[in-house]
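Each residue of the sequence shown is one higher than the one before, starting from 56 at the first, in my numbering.
Written out below as structure tokens is the structure these notes cover.
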Amino acid sequence: MEKTKRGFKISRDIFAIVGITFLVIYVVSLFIPIIWAIITSLKTREDFYYNKFGLPEQWMFVNYVTAFTKMSITVNVPGGTATAYTYQMFMNGLIYALGCTFMGIMTPAVTAYCVAKYKFFFGRILYGIVIFTMILPVIGNLASELQVARAIGTYNTMIGAWIMKGNFLGLNFLVFHAAFKGLSRDYSEAAFIDGATHFGVFFKIMFPLILPTISTLALLAFIGFWNDYQTPMIYMPDIPTIAYGLFVYQFSTDNLISSVPLQLTGCMIVSIPVMIIFVIFRNKLIMNVSLGGLKE
């Protein structure tokens, strides 16, 4: 019996060692490209050509100044054209990401709450629509979306982009639906007895109870919208975000910024806010989003 237990313990220890080893290798493989990109962004063109993986012979911190000043997009304005510079695109990107995050999180949250907590036939239809749209591949609708946006006057506007992202379809709806389903009805019934309204129950009781879920999804959504260049490029070309600016920057033919170090410098500049957000809110991203029930 003791031999069996000892053998089981040895097997478990070996499995743990192998698992931790693979985990460490995986983590290192994620950090190596980032470290290489940071080091390369501080090289000259010639230094990168002859020394691709070593430390810079001369640390070119001026590359960040060059990339910041050179990253720009020409946009149309009433009466002609203008140039949107990096600081303007940063502001546009921040406004775009915040607005789209709010709309992209609150819309499915409210819809999922109504479907999960109120018994009505249309709620089942909404749930079925979400599942159906996730299974059915929707392609080739870009032209029609642009026509609709132009027809209702939301094309090339920031508010139009927010409205477009304010839909309940997708995985967020299912996450919120499961979270609200897991909450006991005793919370809302006690509030209704005290005279609370349906809006009061949602915003003062139910919403705070799933706040860890909302904050985690909001952080992930913000990072996704911050890195989104396709939507601004297609639907609001005259309000460029920093991700859109980086997309244009990497195809620049300017000899000063067409080198690999300067291209990576632009990538690092755009990724700095995301890195800061991750460092500040890293505990939110790994927080357990499961919720407990009522205390006995």
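Even for Gly, the Cβ is constructed at its ideal location relative to N, Cα and C.
> Between residue 242 and residue 128, is the Cβ-Cβ spacing less than 9 Å?
Replying inline: no
> Looking only at its own chain, which residues have a Cβ that is under 8 Å from the Cβ of residue 201, when we skip the five neighbours before and after it?
Replying inline: 210, 289, 290
>> For residue 140, report the span of its beta strand (DSSP E) as first-last.
In response: 135-140
> Could you give the distance in angstroms between the alpha-carbon of residue 319 and the alpha-carbon of residue 170?
Replying inline: 46 Å
> residue 141 and residue 312 look like a contact to me (Cβ under 8 Å); what is the Cβ gap, rounded to whole Å?
Replying inline: Residue 141 to residue 312, Cβ: 12 Å. No contact.
>> For residue 149 and residue 143, what's the separation of their Cα atoms in angstroms?
In response: 10 Å
>> With H, G and I counted as helix, E and B as strand and the rest as coil, what does DSSP make of residue 307?
In response: coil
> Is it the case that the CB of residue 239 approaches a heavy atom of the ligand FAD more closely than 8 Å?
Replying inline: You won't find the ligand FAD in this model; it holds no ligand whatsoever.
>> Looking only at its chain, what residues have a beta carbon closer than 7 Å to the beta carbon of residue 156, apart from the 5 residues adjacent to it on each side?
In response: 273, 276, 277, 280
>> Residues in the same chain with beta-carbon distance under 8 Å from residue 351, minus the five sequence neighbours each way, listed in chain order, please.
In response: Interpretation of residue 351 is limited by its pLDDT of 36, a score under 50 that renders its predicted location unreliable; no figure is taken from the coordinates.
>> Using only CA atoms, which one of 257, 208, 219 lies nearest to residue 231?
In response: 257
> How would you label residue 158, buried or exposed, when you count the other beta carbons within 10 angstroms and need 16 or more for buried?
Replying inline: buried
> Helix, strand or coil: how does DSSP classify residue 128 here?
Replying inline: strand
> Smallest Cα separation from residue 264: which of 233, 282, 283?
Replying inline: 233
> Hey, how far is the Cα of residue 323 from the Cα of residue 101?
Replying inline: 20 Å
>> Let me see if you follow: with CB-CB separation under 9 Å, is residue 186 close to chain C or not?
In response: Going by chain labels, chain C is absent from the structure shown, which holds only one protein chain.
> Quick one: Cα of residue 218 to Cα of residue 267, how far?
Replying inline: 25 Å
> Are the beta-carbon atoms belonging to residue 123 and residue 185 less than 9 Å from one another?
Replying inline: no
>> Going by beta-carbon coordinates alone, are residue 284 and residue 216 separated by less than 9 Å?
In response: no
> Can you tell me where the alpha helix (DSSP H) with residue 211 in it begins and where it stops?
Replying inline: First-last for residue 211: undefined, no H or E at that position.
>> Check for me: the alpha helix (DSSP H) holding residue 243 runs from which residue to which?
In response: 240-248
>> Just to check my reading of the structure: residue 115 and residue 99 have Cβ atoms closer than 8 Å, yes? What is that Cβ distance to the nearest angstrom?
In response: 6 Å
>> I need the DSSP call for residue 92, collapsed to helix, strand or coil.
In response: helix
> With 16 other CB atoms within 10 Å as the buried threshold, where does residue 304 fall?
Replying inline: buried
> What residue does the alpha helix (DSSP H) around residue 190 start on, and which one ends it?
Replying inline: 176-190
>> With the cut-off set at 9 Å, would you say residue 96 and residue 301 are in Cβ contact?
In response: no
>> Nearest by alpha-carbon distance to residue 337: which of 309, 310, 293, 270 is it?
In response: 270
>> Assuming the contact rule is C-beta atoms closer than 8 Å, residue 235 and residue 168 should be a hit. Round their C-beta distance to whole Å, please.
In response: 5 Å
>> Quick check on DSSP: helix, strand or coil for residue 78?
In response: helix
> Whole-angstrom Cβ separation of residue 325 and residue 297, contact assumed at under 8 Å?
Replying inline: 5 Å
>> I believe residue 246 touches residue 255 by the beta-carbon criterion, under 8 Å. Please report the beta-carbon distance rounded to the nearest angstrom.
In response: 7 Å
> Any idea if residue 134 is buried or exposed, counting beta-carbon neighbours within 10 angstroms, 16 or more meaning buried?
Replying inline: exposed
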